[in-house]
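Beneath this line is the structure, given in structure tokens, with notes to follow.
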Amino acid sequence: MDMSKIRVIFEYEFRRGLSAAEVTQNIIKVFGKGAASERTVCRWFKKFRSGDFNLENEPRGRPEVKVDNEELKAVVEADTSQTSRELSVRFGVSKQTMLDHLSQIGKVKKLDRWVPHDLSEGQKRNRFDVCLSLLSRHKLEPFLHRIITCDEKWVLFNNRKRSSRWLDWNEPPKHSAKPDAHQKKLMLSVWWSISGIIHYRFMKPGESITADVYCNELEEMMRKLAIKHPRLVTRDKPILLQDNARPHVAQATLLKLQEMELETLCHPAYSPDLAPTDYHFFQAYDQFLQGQIFNSQHDVENAFLRFIATRPPRFYADGIYKLPSRWQRCVDSMGAYFD
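Here is the structure:
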């Protein structure tokens, strides 16, 4: 019996909602013993449940690739914006295997960042303490107008996403091109305040943020800030709100911040829900990018300019003025994630 035809039956029975055991019995009744085993049917059903209805059998005998969870944890925490597909390609395993390992090390996606699935009691306590302190400071001395915030993001050239469709049981799935795990992307660094964009830069293809690059960006941001908002620099004094990415907390960066006498606002680890660039700016930018395909870096940069030009007047202030309510929600949830 041609196994490719048996696999068609697997898919047909799967779509009918039968169990693997029932399908195995039905096939054996018609085609005899050896035509199918329950273990084989279970394997194909697992594949179908993941959304993969490709009936070509995978080549056998491939060596099993093991993922070192400690190495994976280090790689993820070095760049929390990586996708599971990018990580699966890097480690040479399937996307499902990578998702399993990400679950094993307790990581889950939140606001496009990998964060712990379950915060430890210490992490919750730190989030609670920091937010309570910031709320107290804000009530005594409002400072949101002094905040300069920043972050980095990979911007893809191809922003189309595969969509799921409901099909009749006898309707073949409509094929769409799989996303390229190696597709082109650019790193965007953006700095902003309640008044709008202060500075942004797209890195060269393949370039990412290091401590040295971040220090250069700090200097360029402060140069532009002195031109756009001189009073903030000379009188009110800016306060930098950044997350705890490695380039942001590297020794070279800390020395640069001391040299510039730039105050940094306390920000708890693993808290994209408390970072305006994550919960506000990049969320809006992601929605803007949906479905767009770019052919060059010039196209990517022009699209970013269009995004900025189409923001309503209070877009930036709204993002930062949400901070006190989000600090309060964190306190109310005893430091746990509230989104």
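Position 181 (the sequence shown) corresponds to 171 in the working numbering; numbering is contiguous.
All C-beta atoms in this analysis are idealised placements derived from N, C-alpha and C, irrespective of residue type, glycine included.
>> Threshold first: 3 residues or longer. Then list the beta strand (DSSP E) segments lying entirely within the stretch 174 to 215, N to C.
In response: 175 to 183 and 186 to 192
>> Suppose the cutoff is 6 Å on Cβ atoms and the five residues either side in sequence are ignored; what does the same chain contact list for C121 look like?
In response: Along the sequence shown, one-based indexing puts residue 121 at 131. Hits under 6 Å: W317, C320 and V321.
>> Strictly by DSSP, which residues pair up with E142?
In response: Residue numbering aside, residue 142 sits at position 152 when the sequence shown is read from its first letter. Partner(s): S179.
> Leaving out the 5 sequence neighbours to the left and right, which residues in its chain are closer than 8 Å to S154 when beta-carbon positions are compared?
Replying inline: Here the question's residue 154 lines up with position 164 in the sequence shown. Below a pLDDT of 50, predicted positions are generally treated as unreliable, and S154, at 43, falls in that range; the measurement from the model is reported next regardless. Contacts found: G41.
> Between the Cα of K174 and the Cα atoms of R191, P132, I217 and E197, which residue gives the shortest distance?
Replying inline: The residue you call residue 174 lines up with position 184 of the sequence shown. Shortest Cα-Cα distance from K174 to any of R191, P132, I217 and E197 involves E197.
>> Among the candidates I18, N285 and F35, whose CA atom is the shortest distance from the CA of A10?
In response: Taking the first residue of the sequence shown as 1, we reach residue 10 at position 20. For A10, the nearest C-alpha among the options comes from F35.
> Under three-state DSSP, which class holds V(-2)?
Replying inline: Counted from its first residue, the sequence shown places residue -2 at position 8. In the structure shown, V(-2) sits in a helix (DSSP, three-state: H, G or I).
>> By DSSP's criteria, I283 is part of a beta bridge. Which residues make up the other side?
In response: Taking the sequence shown and counting its residues from 1, one reaches residue 283 at position 293. Looking at the DSSP assignment, I283 forms a beta bridge with N148.
> For T14, which three-state DSSP category applies?
Replying inline: Here residue 14 refers to the residue found at position 24 when the sequence shown is read from its first residue. Reduced to three states, the DSSP call for T14 is helix.
> Since I137 sits in a beta bridge, which residues does DSSP pair it with?
Replying inline: Within the sequence shown, the letter at position 147 stands for residue 137. Beta-bridge pairing links I137 to I229.
>> Quick check: what's the CA-CA separation for N44 versus E209?
In response: On the sequence shown, residue 44 is found 54 positions in, with the first residue counted as 1. On the sequence shown, residue 209 is found 219 positions in, with the first residue counted as 1. Their Cα atoms are separated by approximately 52 Å.
>> Taking 8 Å as the threshold (C-beta atoms), are M193 and M177 in contact?
In response: In the sequence shown, counting from the first residue as 1, residue 177 sits at position 187. In the sequence shown, counting from the first residue as 1, residue 193 sits at position 203. The answer is yes: Cβ separation under 8 Å.
> Count the other CB atoms within 10 Å of the CB of P262; is the residue buried (16 or more) or exposed (fewer)?
Replying inline: For the purposes of this step, residue 262 is taken as residue 272 along the sequence shown, with counting starting at 1. It is buried - the Cβ of P262 has at least 16 other Cβ atoms within 10 Å.
>> Quick check on DSSP: helix, strand or coil for E249?
In response: As a working mapping, residue 249 is identified with position 259 in the sequence shown. Helix.
>> Would you say the beta carbon of S323 is closer than 7 Å to some non-hydrogen atom of the ligand PLP?
In response: This structure lacks the ligand PLP, and indeed carries no ligand of any kind.
> Just how far apart, CA to CA, sit I199 and T243?
Replying inline: As a first step, residue 199 must be located in the sequence shown, where it is residue number 209. As a first step, residue 243 must be located in the sequence shown, where it is residue number 253. C-alpha separation (whole angstroms): 12 Å.
>> Under DSSP, the alpha helix (DSSP H) around Y260 begins and ends at which residues?
In response: Counting from one through the sequence shown, the residue named residue 260 turns up at place 270. For Y260, there is no enclosing alpha helix (DSSP H), as DSSP marks it with neither H nor E.
> Under 8 Å, do K143 and C205 count as touching if we go by C-beta distance?
Replying inline: As a first step, residue 143 must be located in the sequence shown, where it is residue number 153. As a first step, residue 205 must be located in the sequence shown, where it is residue number 215. Contact flag unset, no.
> Quick one: is E207 buried, meaning 16 or more other Cβ sit within 10 Å of its Cβ, or exposed?
Replying inline: As a first step, residue 207 must be located in the sequence shown, where it is residue number 217. Result: buried.
> For G325, is the classification buried or exposed, using 16 other Cβ atoms within 10 angstroms of its Cβ as the cut-off for buried?
Replying inline: Counted from its first residue, the sequence shown places residue 325 at position 335. Buried, by the Cβ-count rule.
>> Quick check: K214 and R136, are their CB atoms within less than 8 Å of each other?
In response: What you label residue 214 is simply residue 224 of the sequence shown in a count that begins at 1. What you label residue 136 is simply residue 146 of the sequence shown in a count that begins at 1. No, Cβ-Cβ distance for K214 and R136 is not below 8 Å.
> Are the beta-carbon atoms belonging to L231 and L252 less than 8 Å from one another?
Replying inline: Within the sequence shown, numbered from 1, the residue matching residue 231 stands at position 241. Within the sequence shown, numbered from 1, the residue matching residue 252 stands at position 262. For L231 and L252, no; Cβs fall outside 8 Å.
> Whose C-beta lies closer than 7 Å to the C-beta of A216 among residues of the same chain, with five residues either side of it excluded?
Replying inline: Taking the sequence shown and counting its residues from 1, the one referred to as residue 216 is at position 226. Only V223 meet the Cβ criterion.
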